[in-house]
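Heads up, the thing below is written out as structure tokens.
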Amino acid sequence: MRLLRQQDRRVKPAACLPFQGLDKANMFPFLQRCCFHTSFRVQKLTGPRLLLYRKNKTTWCSLGFRLQTDVCLFSRSPSLSPASVYATKLQAFHTSPPCFKKKTPKESETKKPGVLERSVESLKDSPKPALYLSLAGLIPFVSVPLAMAIQGTYYPEVAFAQVLYGAVTVSFLGGMRWGFALPENSPAKPDWLSLANSTVPPLLAWQALLFKDVTHGAVMLVLALGIALHYDVALLPPYPRWFKVLRVVGTVVMVLSLLATAALKAISEEQLSDSRYKWQNTK
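Note that numbering that gives the first Met the number 0 numbers the sequence shown so that position 8 is 7, with each residue one more than the last.
Below, the structure is given as structure tokens:
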């Protein structure tokens with residue numbers, strides 16, 4: 000009996016050891032299962048369940064606590080260096096809830112320049128002779144209504160001279176299209192669209208000179224200037240940008256000057272009729 004009890008005492012410690020009874024072939028899989036087996040909670044928490052954890056902050060924090068406890072269990076074995084490597088990787092797992100913030104536009108971003116700013120910049124890029132000569136060509140248009148407004152009288156001869164100068168200017172703008180379309184390297188082709196349309200403004204200018212009334216001639220010139228501007232800016236093959244801006248500025252000044260002369264003529268005729276009516280009443 001004593002011998003059997005001693006044998007039982009010797010066998011029990013041997014049975015408790017997990018490494019005994021394993022040969023060399025089964026030792027490596029056993030160590031791999033014991034040391035590198037990830038936690039069941041980490042293994043199963045993938046896919047849609049992970050998205051459910053993201054929606055609730057409390058469950059997300061509990062998930063982080065569980066991961067940390069599992070990591071601590073992995074990192075307790077000091078003898079196995081691969082397990083400690085996996086533990087440090089799991090500790091680096093970010094457990095805070097995601098924050099989605101709207102990106103504000105940078106203050107350094109500059110706004111795109113407007114139409115007026117781009118027009119002014121294109122005028123600065125225009126050749127100086129073209130800019131100065133075009134502005135000088137507007138002097139006869141502006142000087143006529145300005146002189147009559149300062150003197151307070153209307154001169155029919157000066158108004159007709161303005162209409163005559165306007166007809167010459169419109170004819171010049173129409174002939175300029177021919178000069179732009181004739182060169183071989185020009186973007187405008189010498190076809191019916193370019194050449195025929197360029198003859199319409201001069202014909203309207205000639206018609207303006209045939210009117211006896213200066214107001215009718217001024218209105219006809221305004222129509223001719225508008226058609227010429229439409230041809231040069233929108234319809235026909237384009238001029239350079241600086242020239243189109245120069246054409247718009249020149250057309251606006253010419254139209255306003257002609258309309259101002261027509262307005263002064265109407266005001267002077269009204270004043271003249273009032274003075275005649277008063278003179279007749281005094282008799």
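Just so it is clear, CB atoms sit at the ideal spot from N, CA and C, and this is done for glycine as well.
| query | Is Ala180 buried or exposed, if buried means 16 or more other CB atoms sit within 10 Å of its CB? | reply | Ala180 is buried by the Cβ-count criterion.
| message | Once the 5 residues before and after Val119 are set aside, which same chain residues still bring their CB inside 7 Å of it? | response | Residues of the same chain with a CB within less than 7 Å of the CB of Val119, apart from the 5 flanking positions on each side, do not exist.
| Exposed or buried, which one is Ser272 when buried takes at least 16 other CB atoms within 10 Å? | Ser272 comes out exposed.
| query | Which residues in the same chain have their Cβ closer than 7 Å to the Cβ of Leu224, if we skip the five residues on either side of it in sequence? | reply | So the qualifying residues of the chain are Val169, Thr250, Met253, Val254.
| For Asn184, which of helix, strand or coil comes out of DSSP? | Coil at Asn184, not helix or strand.
| Which value, in whole angstroms, describes the spacing of the CA atoms of Ala217 and Trp205? | Computed Cα separation, rounded: 12 Å.
| field | Three-state secondary structure assigned by DSSP to Lys211 | value | Looking at Lys211 - three-state DSSP - the assignment turns out to be coil, as it is neither helix nor strand.
| message | Which same chain residues end up closer than 7 Å to Leu172 when comparing Cβ atoms and leaving out the 5 residues on each side of it in sequence? | response | In chain order, Pro200, Ala227 place their CB closer than 7 Å to the CB of Leu172, counting only its own chain and leaving out the 5 sequence neighbours on each side.
| For Pro47, does the three-state DSSP call read helix, strand or coil? | Low confidence applies to Pro47: its pLDDT is 49, below 50, so where it sits in the model is not reliable enough to give any reading.
| Does the beta-carbon of Ser197 have 16 or more other beta-carbons within 10 angstroms, so that it is buried, or is it exposed? | The residue is buried, with at least 16 neighbouring Cβ atoms inside 10 Å.
| request: Could you check the C-alpha separation between Val219 and Lys264 for me, to the nearest Å? | output: At residue 219 the sequence reads Met, which differs from the Val that was named. When the Cα atoms are used, Met219 and Lys264 turn out to be separated by approximately 16 Å.
| Are the beta-carbon atoms belonging to Phe140 and Ser256 less than 7 Å from one another? | Yes. Within cutoff.
| Helix, strand or coil: which one does DSSP assign to Ser272? | In the structure shown, Ser272 sits in a helix (DSSP, three-state: H, G or I).
| query | Between Gln150 and Thr260, is the Cβ-Cβ spacing less than 7 Å? | reply | The Cβ atoms of Gln150 and Thr260 do not sit closer than 7 Å to each other.
| said: By the three-class DSSP mapping on this structure, what secondary structure does Leu132 have? | reply: Helix at Leu132.
| Taking the alpha-carbon positions, what's the Ser142 to Ala135 distance? | Between the alpha carbons of Ser142 and Ala135 lies a distance of about 11 Å.
| task | Can you grab the Cα-Cα spacing for the pair Pro128 / Tyr153, in whole Å? | result | Taking the straight line joining both Cα atoms gives about 34 Å.
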